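Below is one structure, written out as structure tokens, with a few remarks after it.
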Amino acid sequence: MNRVLKPLLFCVGAGMAFDVIAHGYHPDVSIDEQSKQATIRSEAAVISEETNTRLIEADAIPDHDTGQFPNASNPNSISAQNLVYRLSLRPERYIRVLDGDLNTFGVAVNGVPFDPAAAEYYQNDRINGWRYEATGDGINLGLDQHNAHVQPNGTYHYHGIPHGLLENLNEQAGRHSPLIGWAADGYPIYGRYSYSDPDDANSAIKEMSSSYALKTGARPNDSSNPGGVYDGSFVEDYEYQAKLGDLNECNARLTVTPEFPNGTYAYFITEDYPVIPRCWIGIPNESFLRQAVDTRPYLGKSSSGAWYNLNRDGEGFLVEMNESNFLDNQLNAYWFTYNQQGDPLFIFGAENYNDDDEKITVTAYTADGTRWGEAFDSSTVQRSEWGNLSFSFDGCNSGQVEYDGQLAGFGSGQFDISRLTAVLGTGCFEKVGDNSSTEASGTWYNTSRDGEGLMVQALSGNRLNIYWFSYRPDGVPVYISGVGETDPETQKTVVDEAYITEGARFGELFDSNEVQRIPWGTLNFEYFDCQNARVSYESSDSEYGSGEHLLTRLSINEGSACGKQ
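Going by full-length UniProt numbering, the letters in the sequence shown line up with residues 1 to 565, in that order.
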């Protein structure tokens, strides 16, 4: 379940200063209260609010003129409908985007559905995958001046920019677009204009641009393919290029709007493809669906980040979904916790997963046998099989962990986990306009110091979360952590205050009040390129001293700009 996220720097007992998700936006909190002023009523549509539900009753007769129907390319006549849509007043960002396919994406405030996709395929062959684009030149669907036409049952619906709707709502280029409708997942739909800075309602107004572009070259040319250049006649002529424009693959972004001054996910209409969004970032209500949508919470890059149990502040999990040129779909997991004596302990493991996996079980290990700094010796590191960790995630904010410790004294158990941070480039709570570098995300180590390493996670605002897993001068495992700001020019990240923690105990004996958060010193992380970096440190504890190590990339967080080359 989602929890309220406060717009402040959140510090957990594990000594990690975390950026709370998405700069304090509240995608699951009081969206009904923010949007009361957005409730619009017309003769054609009545939008009312019930407990946790927005109810939309409409006849789908627009409040503007229409083209001639029937016409040569659309033989259907407009007739009044009895449409009833329900959607959540508290929508939640899902862990992955959901394909809209031929379902109704949303409904306009005048009661007309948004149905962007065409049902027609090249040679009427759904198998070959060449679906005609409704707003392209490859097929004439009899659209009128408002890019709408009529279904066989008489429902008037929009496939493209709804000019009459926008005109009636007085959309103008110099100001933020009015709210023009609601998506099936409960998030608002706007027209073409929004703030240039999604955080700042006083920033300049700009026309929103999609992040899709035509592919280059020509389509396959054989008996089952249309051939010719990619010109927009088919949906498959386009490809998504992350951060090409202002919006994500669903034509959405996280932003403040006039109706949502505290911020929300919002969809936008764009001049270019996809014009009307073709996928959802939340789970659509069934009242919009003509066909099933697969909402199973598959594992994927959105699971990357820091996670913890709300009742166990002071320990947590780092999850990294990896990709590389040689390895796809691997989960790396670190559990930063404590042993039975109150010393720090990190438990770690990795396992491959399939695209349709809903749960993954990792064989987990612990390590010891060496010491900090110049006394470090890879040959003495001892890795012991600890047991198993199982992860599943049911949304951007929530998941479950099960553990089975096979070493004496650890036992087994399970608990819910909540997201603490989202890794830039992985989808959940992402600002599309944030140009912070994602390249450093991943794990790093010094090739002569196998047995210790750093996990680095890129956050918004040009910052990195850095976790160094190593060993104390007395040989006990230790994790050193902190958040630092990255200089975009030098790619050097300075963590002014790194911490270590100790004092709590494992499992049922864990008590957050026993966690001791101890200042450790400073860390500097210098990113050179996709394979090379350097860490330097100066501890306030003389036993740790100061030093530096060159680092080599060990893994790449999926979503990093250093992904598959």
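Ideal Cβ positions, reconstructed from N, Cα and C, are used throughout, including at glycine.
As the structure is a computational prediction, the values presented were derived from the model and not from experiment.
Per DSSP, R86 is paired with what? As a working mapping, residue 86 is identified with position 86 in the sequence shown. Paired residues: L55.
Using the rule of at least 16 other Cβ atoms within 10 Å of the residue's Cβ for burial, across every protein chain shown, is D28 buried or exposed? Within the sequence shown, numbered from 1, the residue matching residue 28 stands at position 28. Low per-residue confidence applies at D28: pLDDT is 37, beneath 50, and the placement is therefore not dependable, though the value from the model is reported in the following sentence. The residue in question, D28, is buried, as its Cβ has 16 or more Cβ neighbours within 10 Å.
Smallest Cα separation from R90: which of N147, N52, F506, I417? Counting from one through the sequence shown, the residue named residue 90 turns up at place 90. Nearest of N147, N52, F506, I417 to R90, Cα basis: N52.
Quick one: does C562 have its CB under 8 Å from some CB of chain C? No chain C appears in this structure, which consists of one protein chain only.
Have a look at F376 and V362 and give me their C-alpha separation to the nearest angstrom. If you number the sequence shown from 1, residue 376 lands on position 376. If you number the sequence shown from 1, residue 362 lands on position 362. Near 27 Å, if we compare the C-alpha coordinates of V362 and F376.
Short of 6 Å in beta carbon distance, which residues of its chain neighbour F114, apart from the five on each side in sequence? Order them along the chain. For the purposes of this step, residue 114 is identified with residue 114 of the sequence shown, where counting begins at 1. The residues are F105, G106, Y158, I276.
Name the two residues that bound the continuous alpha helix (DSSP H) containing L141. Taking the first residue of the sequence shown as 1, we reach residue 141 at position 141. Where L141 is concerned, there is no enclosing alpha helix (DSSP H), given that its DSSP letter is neither H nor E.
Given that a residue counts as buried once 16 or more other Cβ atoms are within 10 Å of its Cβ, and exposed if not, what is E92? In the sequence shown, residue 92 corresponds to position 92, counting from 1. E92 should be labelled buried.
Beta carbon of S233, beta carbon of D272: below 8 Å? Mapped onto the sequence shown, residue 233 falls at position 233. Mapped onto the sequence shown, residue 272 falls at position 272. No.
Determine, using beta-carbon pairs with one atom in the stretch 132-140 and one in the stretch 172-184, whether at least three such pairs fall under 8 Å. no
What would DSSP say about G186, mapped onto helix, strand or coil? For the purposes of this step, residue 186 is taken as residue 186 along the sequence shown, with counting starting at 1. Note: G186 maps to coil in three-state DSSP.
So, helix, strand or coil for residue 588, using DSSP? What is shown of the chain runs 1 to 565, which leaves residue 588 out entirely.
Can you check which of these residues, N513, R290, E374, is closest to E543 by C-alpha distance? Locating residue 543 in the sequence shown gives position 543, counting from the first residue. The shortest C-alpha separation from E543 is found at E374.
By how many angstroms is the C-alpha of R463 removed from the C-alpha of A418? Reading the sequence shown from its first residue, position 418 is the one you call residue 418. Reading the sequence shown from its first residue, position 463 is the one you call residue 463. The identity of residue 418 in the sequence shown is Ser, whereas the question assumes Ala. Each residue's alpha carbon lies about 21 Å from the other.
Since W386 and Q406 should fall inside the 8 Å C-beta cutoff, what is the C-beta to C-beta distance between them, to a whole number of angstroms? As a working mapping, residue 386 is identified with position 386 in the sequence shown. As a working mapping, residue 406 is identified with position 406 in the sequence shown. Right, the Cβ-Cβ distance comes to about 7 Å (below 8 Å), so this counts as a contact.
As assigned by DSSP and simplified to three states, the class of K104: By one-based count along the sequence shown, residue 104 stands at place 104. In the sequence as displayed, the identity of residue 104 is Thr instead of Lys. DSSP places T104 in coil when its eight states are reduced to three.
Going by C-alpha distance, which of F260, T264, D246 is nearest L254? The residue given as residue 254 occupies position 254 in the sequence shown. Considering only alpha carbons, the answer is T264.
I'd like to confirm the pairing. Which residues does DSSP put opposite M455 in its beta bridges? Counting from one through the sequence shown, the residue named residue 455 turns up at place 455. BP columns for M455 point to T443, Y467.
So does the stretch 148-166 actually touch the stretch 57-69, counting three or more Cβ pairs closer than 8 Å? yes
Inter-residue spacing [alpha-carbon to alpha-carbon] between D450 and A367: Along the sequence shown, one-based indexing puts residue 450 at 450. Along the sequence shown, one-based indexing puts residue 367 at 367. Distance between the alpha carbons of D450 and A367 is about 11 Å.
For Q414, tell me which candidate among N248, L244, N225, F391 has the shortest Cα-Cα distance. Locating residue 414 in the sequence shown gives position 414, where the first residue counts as 1. The option with the nearest alpha carbon to Q414 is F391.
Tell whether a beta-carbon distance below 8 Å holds between G300 and R505. The residue given as residue 300 occupies position 300 in the sequence shown. The residue given as residue 505 occupies position 505 in the sequence shown. Contact: no.
Nearest CA to the CA of G441: which residue from G503, V478, N465? Mapped onto the sequence shown, residue 441 falls at position 441. A small fix is needed here, since residue 441 is Ser in this sequence, not Gly. Selected option, being the one with the closest Cα: N465.
Assuming Y479 and Y467 make a contact with CB atoms under 8 Å, what is their CB distance in whole Å? Residue numbering aside, residue 479 sits at position 479 when the sequence shown is read from its first letter. Residue numbering aside, residue 467 sits at position 467 when the sequence shown is read from its first letter. Confirmed, Cβ separation roughly 6 Å.
Going by DSSP in three states, N309 sits in which element: helix, strand or coil? The count along the sequence shown starts at 1 and reaches residue 309 at position 309. Note: N309 maps to coil in three-state DSSP.
Contacting residues, own chain, Cβ-Cβ under 8 Å from P188 (five flanking each side not counted): Locating residue 188 in the sequence shown gives position 188, where the first residue counts as 1. These residues qualify, in order along the chain: S35, A38, L179, G181, W182, T257, E259, F260, T264, A266, Y267.
Could you tell me which residues DSSP puts in a beta bridge with N71? Taking the sequence shown and counting its residues from 1, one reaches residue 71 at position 71. Answer is N74.
Could you compute how far the alpha carbon of E402 sits from the alpha carbon of S412? Residue 402 sits at position 402 when you count from the first residue of the sequence shown. Residue 412 sits at position 412 when you count from the first residue of the sequence shown. Those two C-alpha atoms are separated by around 8 Å.
When burial is assigned at 16 or more other CB atoms within 10 Å of the CB, is R278 buried or exposed? One-based indexing of the sequence shown puts residue 278 at position 278. Buried: at least 16 other Cβ atoms inside 10 Å.
Helix, strand or coil for K215, going by three-state DSSP, please let me know. Numbered from 1 along the sequence shown, position 215 holds the residue referred to as residue 215. Correct three-state label for K215: coil.
In three-state terms, what does DSSP make of E239? Within the sequence shown, numbered from 1, the residue matching residue 239 stands at position 239. The answer is strand: DSSP assigns E239 an E or B state.
Identity of the residues DSSP links to N251 by a beta bridge: Counting from 1 along the sequence shown, the entry for residue 251 is found at position 251. Beta-bridge pairing links N251 to no other residue.
Taking only runs of the beta strand (DSSP E) that begin and end inside the stretch 273-350, which ones reach a length of at least 3 residues, in chain order? 305-308, 316-323, 328-338
Are N354 and N329 touching if we call contact CB-CB under 8 Å? As a working note, residue 354 is residue 354 in the sequence shown. As a working note, residue 329 is residue 329 in the sequence shown. Yes, the Cβ-Cβ distance between N354 and N329 is below 8 Å.
Between the alpha carbons of Q241 and E439, how many angstroms are there, rounded? As a working note, residue 241 is residue 241 in the sequence shown. As a working note, residue 439 is residue 439 in the sequence shown. Rounded to the nearest angstrom, the two C-alpha atoms are 17 Å apart.
Determine the direct distance from the alpha carbon of N339 to that of S546, and round the result to whole angstroms. Translated into positions along the sequence shown, residue 546 becomes position 546. Translated into positions along the sequence shown, residue 339 becomes position 339. Rounded to whole angstroms, S546 to N339 spans 27 Å at the Cα level.
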